[in-house]
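Protein chains in written order, with the working numbering: chain A, 84 to 387; chain B, 84 to 387. We put the beta carbon where it would ideally sit given N, CA and C, even for glycine. Here's the structure, in structure tokens; my notes come after.
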DNA sequence: GCAAATTTGTTCGTATGTATT
DNA sequence: CAATACATACGAACAAATTTG
């Protein structure tokens with residue numbers, strides 16, 4: 084036959100899950116029942132379930148059982164500028180407007196689909212069962228924390244300041260309703276913040292409503308001439324896993340958006356701001372637009 | 084103490100790996116030796132090692148042993164247009180130019196660092212030990228495969244064609260030297276390809292040297308007015324894991340770049356091309372530039 | 001609020017299979 | 001072919017988390 088027993092068991096369960104025979108959220112038989120069903124030892128059953136856990140198909144809860152995981156509906160963030168507002172997406176509050184816009188689009192789309200379905204079979208199809216599991220509620224940001232620290236190597240390199248130089252660190256948590264959505268940390272060279280008359284608002288633990296880029300331009304005359312975003316995928320660290328409620332193994336990666344803002348100097352564009360935004364990769368997608376493109380976004384489907 | 088024994092053992096080994104006490108590529112003691120060292124059963128040792136495997140810290144090879152994994156040095160791809168060439172990055176051959184450019188930059192940077200180090204201590208520091216593990220060799224593309232298929236749902240939706248309509252599918256594999264780098268699949272509505280006098284080159288299994296966007300403009304008068312790239316992260320499917328040589332559990336995710344090209348019509352921008360590029364997430368990073376930004380790229384470091 | 005039942009988690013021991021050197 | 005090292009599979013006992021009565 085095909086490979087070890089635990090893999091055959093796992094494959095069989097996988098087929099049942101992917102075919103829909105076992106629905107998202109459904110409870111699987113317990114280990115003893117599986118033991119009889121597949122005529123294998125408990126440890127072998129457990130190996131099969133571990134195989135499914137690693138692949139994100141099921142999750143176990145002590146004292147409760149094993150469950151088919153519910154796929155989360157991705158939130159889509161636009162990284163290119165909005166030609167209307169000129170705002171760069173993916174940055175804290177700027178992204179909230181987009182979330183609300185897309186959500187309205189999506190709801191309208193669904194309403195139409197439902198209407199069409201109603202005409203078809205007459206029967207109301209379990210209305211709002213929401214198998215997808217979409218975070219609901221208002222977008223919301225925590226109060227910023229403000230610190231002055233010595234720059235770690237990866238920050239110093241990007242801000243082109245000496246290793247260990249002081250940086251002002253602003254950190255914020257973003258939520259959609261009660262669901263954690265993103266973590267954002269911004270670094271400014273401390274020298275810069277104390278230029279001229281300084282930028283006092285930056286040191287305070289409250290939102291800068293006008294946006295930091297505008298604030299720095301108005302107070303310090305610091306003009307952002309351009310920026311660069313680096314996108315990378317990695318395993319979450321412990322704090323991130325805790326905040327997002329991700330499993331403590333690294334099987335759900337995070338996307339890290341590293342944005343460096345530049346000001347124009349005699350030596351060319353020079354970095355003055357570094358913002359790192361971290362989001363869980365299993366519930367976020369990103370979009371870059373160029374030229375003329377449709378206003379509406381296709382559904383955030385998978386590509387296979 | 085803190086939690087189950089296998090976790091304590093795993094934590095201890097993790098510390099040794101992250102502190103550098105165990106270097107990348109180093110062989111760990113075998114299971115029996117660990118059994119003595121930690122005074123635990125073989126199964127417990129194996130549980131500890133499994134914990135490390137899931138997190139990508141070590142890998143096991145039957146008959147050989149357990150090894151600390153070598154981190155791969157990421158390849159950086161620019162997704163925004165190059166203002167000089169106007170080329171959109173991340174698309175097949177267009178990206179090769181960038182790889183070569185960045186590589187030259189990187190080598191120069193390293194040469195300078197080495198020179199500086201030589202002045203400092205006089206001792207030659209193990210020269211080119213290349214702990215990073217960077218794919219070497221010339222960028223190279225496989226011959227394209229060409230098929231006509233019925234559009235799967237996710238393709239039909241993005242191309243706004245009926246579900247199951249025919250599409251022309253071109254597929255290519257990209258390598259750097261002998262290392263697999265990316266998989267790329269492009270879908271065209273079949274109706275479009277047979278417009279007017281048709282686009283015969285598109286049906287042939289060979290490279291279109293001028294680039295497909297230019298070719299379609301010249302033959303069909305099809306002008307791309309804009310595009311949208313959607314970025315998502317997911318587990319590789321079986322074929323992708325095989326091609327990239329990824330572990331067959333899903334612990335190394337892939338990044339999927341879904342690019343829709345639009346032409347200008349009376350109804351607004353309408354999709355005419357869909358390109359899906361898939362790359363392993365553990366060895367690729369992406370960059371988006373806007374406005375004025377430095378020519379050179381900071382090293383592809385991690386953000387923590 | 002507490003005790004019992006249920007379910008998964010951890011740890012041991014042992015034997016045999018499979019891949020590599 | 002033999003030795004080495006990890007992989008699979010079984011059985012057993014107790015621990016920890018959760019729900020139920």
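- Closer than 7 Å at the C-beta level to chain B, one finds these residues of the segment 306–335 of chain A: 308, 309, 310, 311, 312, 313, 314, 315, 316, 317, 318, 320, 332, 333, 334.
- Here the C-alpha atom of residue 280 of chain A lies approximately 8 Å from the C-alpha atom of residue 302 of chain A.
- By the Cβ rule, the segment 229–239 of chain B counts as touching the segment 247–261 of chain B, because three or more pairs are nearer than 8 Å.
- Along the segment 252–266 of chain A, there is no position whose C-beta sits under 7 Å from a C-beta of chain B.
- Looking only at B:285, B:323, B:247, B:244, the smallest Cα-Cα distance to residue 267 of chain B is reached by B:323.
- Using a CB distance cut-off of 9 Å, residue 240 of chain A counts as an interface residue toward chain B.
- Distance from the CA of residue 272 of chain A to the CA of residue 278 of chain A, rounded to the nearest whole angstrom, comes to 10 Å.
- Residue 387 of chain B belongs to the set of residues whose beta carbon lies under 9 Å from a beta carbon in chain A.
- Rounded to whole angstroms, the gap between the alpha carbons of residue 330 of chain A and residue 320 of chain A is 11 Å.
- In the structure shown, residue 224 of chain A adopts extended strand secondary structure according to DSSP, grouped into three states.
- By the neighbour-count criterion, in which a residue is buried when 16 or more other Cβ atoms sit within 10 angstroms of its Cβ, residue 106 of chain B is exposed.
- When secondary structure is reduced to three states using DSSP, residue 336 of chain A falls in the coil class, being assigned neither helix nor strand.
- As the crow flies, the alpha-carbon of residue 133 of chain A is around 39 Å from that of residue 223 of chain B.
- Using a CB distance below 9 Å, no part of the segment 86–105 of chain A faces chain B.
- By the C-beta criterion, the segment 343–354 of chain B is judged not to be in contact with the segment 370–386 of chain B, since fewer than 3 inter-stretch pairs fall below 8 Å.
- Beta-bridge partners of residue 357 of chain A (DSSP): A:270, A:343.
- In this structure, residue 131 of chain A sits away from residue 162 of chain A, with a CB-CB distance that is not shorter than 9 Å.
- The beta carbon of residue 317 of chain B sits closer than 8 Å to those of 336, 337, 339, all from its chain and outside the five residues before and after it, given in chain order.
- Short of 8 Å from the beta carbon of residue 120 of chain A, and not among the five residues preceding or following it, lie these beta carbons of its own chain, in chain order: 112.
- The alpha-carbon separation between residue 262 of chain B and residue 365 of chain B amounts to approximately 14 Å.
- Beta-bridge partners assigned by DSSP to residue 249 of chain A: A:233.
- For the set A:315, A:160, A:342, A:307, the Cα lying nearest the Cα of residue 270 of chain A is the one of A:342.
- Across the segment 276–292 of chain A, no CB contact with chain B closer than 9 Å is found for any residue.
- Excluding its 5 nearest sequence neighbours in each direction, residue 117 of chain B has C-beta neighbours in its own chain below 6 Å: 128, listed in chain order.
- Using beta-carbon distances, residue 375 of chain A counts as an interface residue toward chain B, with a partner under 9 Å.
- For residue 310 of chain B, the CB contacts under 8 Å within the same chain, skipping 5 residues up- and downstream, are 171, 342, 343, 344, 345 in chain order.
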